[in-house]
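One structure below.
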Amino acid sequence: VLAACGAGAQQASNNLVISSDPELVELASALLPDLAEHSGLELRGPVRLETRSRQQLIDYLEIKLEEELPADEAKARVDAYSLLGLVPVDLDLRAALMSLYTEQVAGFYDPDSTALFVMDDQPEEVLGGLLVHELIHAIQDQHTDLDSITDQKLGNDRVIAAQAAIEGQATLVMLEFMTKQTTGVAVDLSQVSDFASQIRPLLEETRSQFPVLASSPRVIRESLLFPYLEGVSFVQSLWLQAGRVAPFGERLPISTEQVLSKNMAEEPIELEVEVHGAQVVKEDVLGQLVVGVMMDEHLGADTESLVEGWEGDRYVLIQNARNERGLIWFALWKDTASRDRFANAMEPALADLPKLAELARLEVAGRPATELRVGPVDGVTATVRFVSNP
Numbered sequence: 062v063l064a065a066c067g068a069g070a071q072q073a074s075n076n077l078v079i080s081s082d083p084e085l086v087e088l089a090s091a092l093l094p095d096l097a098e099h100s101g102l103e104l105r106g107p108v109r110l111e112t113r114s115r116q117q118l119i120d121y122l123e124i125k126l127e128e129e130l131p132a133d134e135a136k137a138r139v140d141a142y143s144l145l146g147l148v149p150v151d152l153d154l155r156a157a158l159m160s161l162y163t164e165q166v167a168g169f170y171d172p173d174s175t176a177l178f179v180m181d182d183q184p185e186e187v188l189g190g191l192l193v194h195e196l197i198h199a200i201q202d203q204h205t206d207l208d209s210i211t212d213q214k215l216g217n218d219r220v221i222a223a224q225a226a227i228e229g230q231a232t233l234v235m236l237e238f239m240t241k242q243t244t245g246v247a248v249d250l251s252q253v254s255d256f257a258s259q260i261r262p263l264l265e266e267t268r269s270q271f272p273v274l275a276s277s278p279r280v281i282r283e284s285l286l287f288p289y290l291e292g293v294s295f296v297q298s299l300w301l302q303a304g305r306v307a308p309f310g311e312r313l314p315i316s317t318e319q320v321l322s323k324n325m326a327e328e329p330i331e332l333e334v335e336v337h338g339a340q341v342v343k344e345d346v347l348g349q350l351v352v353g354v355m356m357d358e359h360l361g362a363d364t365e366s367l368v369e370g371w372e373g374d375r376y377v378l379i380q381n382a383r384n385e386r387g388l389i390w391f392a393l394w395k396d397t398a399s400r401d402r403f404a405n406a407m408e409p410a411l412a413d414l415p416k417l418a419e420l421a422r423l424e425v426a427g428r429p430a431t432e433l434r435v436g437p438v439d440g441v442t443a444t445v446r447f448v449s450n451p
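In this note's numbering, the protein residues as written are 62 to 451.
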């Protein structure tokens, strides 16, 4: 798919845009100078831009999913999240993501080929806003390696946090563009102190506009929307304090907690879990976002206060000699009150989990912690220790 954009691209180009479509060159070239100013990012080179059909998008997504989410990894994620009651045990995760992406994607920037693609079925009236958003991604990639900061090896929570910085910046600039296009008046959204609360209801309306998204498990839905909903708020807060700086480098959030709290000093505590008596199939961090979704799933809405004391976590999906899978999850809390608030709320919900579960309160190196065990984990010992120094 990506190789097709090379040879003909030189037919229509200037010092800003390379594309085989003269109309795209004209439109994108008119946008780019202002985008550099509004994003706080200097344009360091021309942007490659092409159109793609829906079938080409599907072909591309199939390749990317195979690379980034192999079948065994997809099954492990489903097994872990199903034990927490977050997804059905028989969920076909790759098929679900494919349906979601094909429903929503109107354009995308591919860091692998450093090229921007827009779908050839997009109406002209939405093309400007779409190009603004994706052109920002192209400029971002000239300043920081987007692939490296969203590498799945970094862990799910850290990747979602990075996506919030990436999408938050692009969405904020796009909204400024759309506001000016609609009203004819330029607006600096970074200076609107209550902007995030104003725009959130509008962004949340996307749930109802996309039926596949609306019917997806909550944890998938929230993980996909978080970079936009909370990312806009995070970047707007950053710009309000520091001006139009890029949310990368030392400003790049490394946890969803940092995105939610807008406090970069709140670095998560990294944990390591050592297991004896079973094979570790997968391990990762849930993070404040997913822990919050779990609480919402089992207890209903308005559970934010139950996870505000989160300081770090790690789960291990294990497989015993009978090829049965269970889960052990450790979480650290800021203080005893935070831990007990979470545990008191979670304990009655354990009966809702698909397999036998128990929650213990403990201390890890003198810090309040919880340990959740779900499924066949009898005879399995798990020891947790700090990797990063709290």
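All C-beta atoms in this analysis are idealised placements derived from N, C-alpha and C, irrespective of residue type, glycine included.
Straight-line gap, residue i to residue j (C-alpha atoms, nearest Å)
i, j, result
"Asp218", "His359", "20 angstroms"
"Asn405", "Ala392", "14 angstroms"
"Val234", "His99", "6 angstroms"
"Ser399", "Glu369", "8 angstroms"
"Pro272", "Glu266", "12 angstroms"
"Gln183", "Ala421", "53 angstroms"
"Cys66", "Val193", "Because the pLDDT of Cys66 is 30, which lies under 50, any placement of that residue in the model is unreliable, and the number read from its coordinates should be weighed accordingly. Whole-angstrom Cα-Cα distance: 20 angstroms."
"Pro409", "Asp120", "45 angstroms"
"Gly436", "Glu333", "21 angstroms"
Residue(s) in a DSSP beta bridge with residue i
i, result
"Thr444", "Glu335"
"Tyr48", "For residue 48 there is no data in the structure shown, the boundaries of the chain being 62 and 451."
"Tyr170", "Leu177"
"Leu233", "Answer is none; Leu233 lacks a bridge partner."
"Glu419", "Arg434"
"Trp300", "According to DSSP, which records beta bridges pairwise, Trp300 is partnered with nothing at all."
"Glu424", "Pro429"
"Gln116", "Paired residues: none, contrary to the question."
"Gln340", "Gln380"
Buried or exposed by the 16-neighbour rule on C-beta atoms within 10 Å, applied to residue i
i, result
"Ser277", "buried"
"Thr431", "buried"
"Gln297", "buried"
"Arg105", "exposed"
"Gln116", "exposed"
"Val352", "buried"
"Ser143", "buried"
"Ser81", "buried"
"Val448", "exposed"
"Ser294", "buried"
"Val438", "buried"
"Val179", "buried"
"Gln71", "Below a pLDDT of 50, predicted positions are generally treated as unreliable, and Gln71, at 40, falls in that range; no measurement from the model is reported."
Delimiting residues of the beta strand (DSSP E) encompassing residue i
i, result
"Thr431", "428–435"
"Arg109", "108–113"
Bounding residues of the alpha helix (DSSP H) (the contiguous stretch that carries residue i)
i, result
"Val150", "Looking at the DSSP string, Val150 is not in any alpha helix (DSSP H), and its letter there is neither H nor E."
"Asp208", "207–210"
"Ser366", "365–368"
"Glu195", "185–204"
"Gln213", "It is not in any alpha helix (DSSP H) - Gln213 carries neither H nor E in the DSSP assignment."
"Arg105", "Neither: Arg105 is in no alpha helix (DSSP H) and is coded neither H nor E."
"Ser143", "132–144"
Integer-rounded CB distance, given that residue j should sit under 8 angstroms from residue i
i, j, result
"Gln201", "Ile227", "6 angstroms"
"Leu126", "Leu158", "7 angstroms"
"Arg138", "Leu161", "At roughly 15 angstroms, the Cβ-Cβ gap does not stay under 8 angstroms, so Arg138 and Leu161 are not in contact."
"Val108", "Leu85", "Incorrect: roughly 10 angstroms between the Cβ atoms, too far for contact."
"Gln242", "Ile197", "Wrong, their Cβ atoms sit about 16 angstroms apart, outside the cutoff."
C-beta neighbour in chain B for residue i, strict 8 angstroms
i, result
"Glu185", "No chain B is part of this structure, which consists of one protein chain only."
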